[in-house]
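Peer 1:
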Amino acid sequence: MNEIPLTHILFVSTALFFIGMYGLFTRRNIITMLMSIELMLNSVNINFVAFNKYLFPDKLDGVFFSLFIITIAAAEAAVAIAIIINLYRSHNSIDVDDATEMKY
Amino acid sequence: MNISSIIFYAISALILGAGILAVTSVKIFRSAIWLLFSLIGIAALYFWMQVEFIAAIQIVVYVGGIVILIIFSIFLTQQSGKDLPKPAISKMVFSALAALFGIAFTFNLINHYGFDNTSSAPFNASVNEIGMQMLSTSSHGFILPFEVVSMLLLASMIGCIVIAMKSSTSDTIPLNNKKD
Numbered sequence: 790m791n792e793i794p795l796t797h798i799l800f801v802s803t804a805l806f807f808i809g810m811y812g813l814f815t816r817r818n819i820i821t822m823l824m825s826i827e828l829m830l831n832s833v834n835i836n837f838v839a840f841n842k843y844l845f846p847d848k849l850d851g852v853f854f855s856l857f858i859i860t861i862a863a864a865e866a867a868v869a870i871a872i873i874i875n876l877y878r879s880h881n882s883i884d885v886d887d888a889t890e891m892k893y
Numbered sequence: 037m038n039i040s041s042i043i044f045y046a047i048s049a050l051i052l053g054a055g056i057l058a059v060t061s062v063k064i065f066r067s068a069i070w071l072l073f074s075l076i077g078i079a080a081l082y083f084w085m086q087v088e089f090i091a092a093i094q095i096v097v098y099v100g101g102i103v104i105l106i107i108f109s110i111f112l113t114q115q116s117g118k119d120l121p122k123p124a125i126s127k128m129v130f131s132a133l134a135a136l137f138g139i140a141f142t143f144n145l146i147n148h149y150g151f152d153n154t155s156s157a158p159f160n161a162s163v164n165e166i167g168m169q170m171l172s173t174s175s176h177g178f179i180l181p182f183e184v185v186s187m188l189l190l191a192s193m194i195g196c197i198v199i200a201m202k203s204s205t206s207d208t209i210p211l212n213n214k215k216d
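This is how it looks when you write it as structure tokens:
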């Protein structure tokens with residue numbers, strides 16, 4: 790347990806965050822962009838829990854932050870999927886390049 | 037190199053490999069399944085860090101809730117067997133360069149910052165401790181965010197129903213008929 794330093798866990802969460810960022814940049818489909826955002830939120834949660842466990846083991850603040858982030862991410866995903874379904878109903882497509890009415 | 041470190045590196049490889057496949061797979065349904073594996077790996081990482089409550093919440097909310105919601109919306113909105121359009125090569129190259137630059141920069145920062153831990157108290161994240169502190173009204177309690185987030189969940193639930201409701205008077209229906 791103690792052989793793994795904190796920096797290795799931070800390496801994993803950093804790599805996961807930038808994988809999510811790559812997906813957000815390259816994908817044009819709203820559902821896959823939402824999946825990339827979920828990956829980024831999860832990497833933040835790993836950071837909170839790891840910092841709490843390694844640097845401040847007498848407190849529980851990081852655990853609570855990840856709990857609230859998970860809750861808000863669930864609410865965000867539900868609202869996003871409602872918007873996606875509504876967009877599909879009006880445009881017959883969920884590609885971000887097809888929804889450009891408010892762009893200019 | 038004992039068994040605990042080997043388990044950590046195996047879990048990390050699972051998370052990162054499934055994450056890369058989730059953002060690069062050309063079939064959207066496979067992409068969702070790889071996301072599922074990545075989230076399971078993150079739950080395993082929480083178990084490895086001995087925060088079992090967060091791991092259980094991760095499985096219940098993400099694996100059991102959000103991924104199922106995403107899969108349902110894939111089924112509702114498009115043909116899941118069809119390939120996604122490939123992004124342009126220049127966009128892929130520049131996004132990969134940006135991501136690699138960010139990874140290198142952050143790795144460098146993490147490597148050179150010495151994290152010194154301030155206390156050596158044992159880490160106790162049992163459900164008992166979390167529950168007591170979550171609902172305590174003292175200065176380190178989290179009762180106010182707990183109540184606020186319950187209001188947020190109610191608001192988002194009502195908002196989802198209102199947004200996704202099919203109304204016969206709105207102008208979305210004529211647009212839809214025009215395309216058919």
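As they're listed, the protein sequences go chains A and B.
Take any residue in the first sequence, count from 1 to its spot, add 789: that is its number in this note's numbering.
Take any residue in the second sequence, count from 1 to its spot, add 36: that is its number in this note's numbering.
We put the beta carbon where it would ideally sit given N, CA and C, even for glycine.
Are the Cβ atoms of A/Val838 and B/Val103 separated by less than 8 Å?
Peer 2: Mapped onto the first sequence, residue 838 of chain A falls at position 49. Mapped onto the second sequence, residue 103 of chain B falls at position 67. For A/Val838 and B/Val103, no; Cβs fall outside 8 Å.
Peer 1: With a threshold of 6 Å on Cβ separation, who are the neighbours of A/Gly935 within its own chain once the five nearest residues in sequence on each side are excluded?
Peer 2: Here chain A covers residues 790 to 893 and nothing more, so residue 935 of chain A does not appear.
Peer 1: Please state the DSSP three-state secondary structure of B/Lys63.
Peer 2: Numbered from its first residue, the second sequence carries residue 63 of chain B at position 27. Looking at B/Lys63 - three-state DSSP - the assignment turns out to be strand.
Peer 1: According to DSSP, B/Asp119 sits in a beta bridge with which residue or residues?
Peer 2: Numbered from 1 along the second sequence, position 83 holds the residue referred to as residue 119 of chain B. Answer is B/Lys63.
Peer 1: Thinking C-alpha only, which one of B/Leu120, B/Ser192, B/Ser48, B/Phe65 is nearest A/Phe832?
Peer 2: Position 43 of the first sequence, counted from the first residue, corresponds to residue 832 of chain A. The identity of residue 832 of chain A in the sequence shown is Ser, whereas the question assumes Phe. Among B/Leu120, B/Ser192, B/Ser48, B/Phe65, the Cα nearest to that of A/Ser832 is on B/Ser48.
Peer 1: If we define contact as Cβ-Cβ less than 8 Å, is A/Ile826 a contact residue for chain B?
Peer 2: Looking up residue 826 of chain A in the first sequence gives position 37. Taking Cβ atoms only, chain B never reaches closer than 8 Å to A/Ile826, which makes this a no.
Peer 1: Going by CA-CA distance only, name the one from A/Arg817, A/Thr821, A/Ala863 that's closest to B/Gly55.
Peer 2: Along the second sequence, read from residue 1 onward, the residue named residue 55 of chain B stands at position 19. Residue A/Thr821 is the option with its Cα nearest to B/Gly55.
Peer 1: On the DSSP bridge list, what partners appear for A/Asn818?
Peer 2: By one-based count along the first sequence, residue 818 of chain A stands at place 29. A/Asn818 pairs with A/Asp884.
Peer 1: Taking 8 Å as the CB-CB limit, is B/Thr208 close to chain A?
Peer 2: Position 172 of the second sequence, counted from the start, is the residue given in the question as residue 208 of chain B. For B/Thr208, the predicted model reports a pLDDT of 49, less than 50, meaning its position is unreliable; a value from the coordinates is still stated below. By this cut-off, B/Thr208 is an interface position.
Peer 1: Just how far apart, CA to CA, sit B/Ile125 and A/Asn881?
Peer 2: In the second sequence, the residue the question calls residue 125 of chain B occupies position 89. In the first sequence, the residue the question calls residue 881 of chain A occupies position 92. Each residue's alpha carbon lies about 27 Å from the other.
Peer 1: CB-CB under 8 Å to A/Ser802, same chain, minus the five flanking residues each way: which ones, in chain order?
Peer 2: One-based indexing of the first sequence puts residue 802 of chain A at position 13. Correct list, in chain order: Ser832, Val833, Ile835, Asn836, Ala839.
Peer 1: For chain B, find out if any of its Cβ atoms is closer than 8 Å to the Cβ of A/Asn836; answer yes or no.
Peer 2: Translated into the one-based positions of the first sequence, residue 836 of chain A becomes position 47. With 8 Å as the cut-off, A/Asn836 does not count as an interface residue toward chain B.
Peer 1: Just to make sure I have the definition right: I need the residues of chain A whose C-beta is within less than 7 Å of the C-beta of B/Asn144. Which are they?
Peer 2: The residue labelled residue 144 of chain B in the question sits at position 108 within the second sequence. Going along chain A, no residue has its Cβ under 7 Å from B/Asn144, so there is no contact; the nearest lies around 11 Å.
Peer 1: Where are the beta strand (DSSP E) runs, 3 residues long or more, that stay fully inside the region 144-212 of chain B, in chain order?
Peer 2: Here no run is fully enclosed.
Peer 1: Check the Cβ of B/Glu183 against every Cβ in chain A and list those closer than 8 Å, keeping chain order.
Peer 2: One-based indexing of the second sequence puts residue 183 of chain B at position 147. Near B/Glu183 there are no residues of chain A at all, since even the closest Cβ is about 12 Å away, more than 8 Å.
Peer 1: Using a Cβ-Cβ distance cut-off of 8 Å, determine whether B/Thr173 contacts chain A.
Peer 2: The residue labelled residue 173 of chain B in the question sits at position 137 within the second sequence. Chain A, which has no Cβ nearer than 8 Å to the Cβ of B/Thr173, makes this no.
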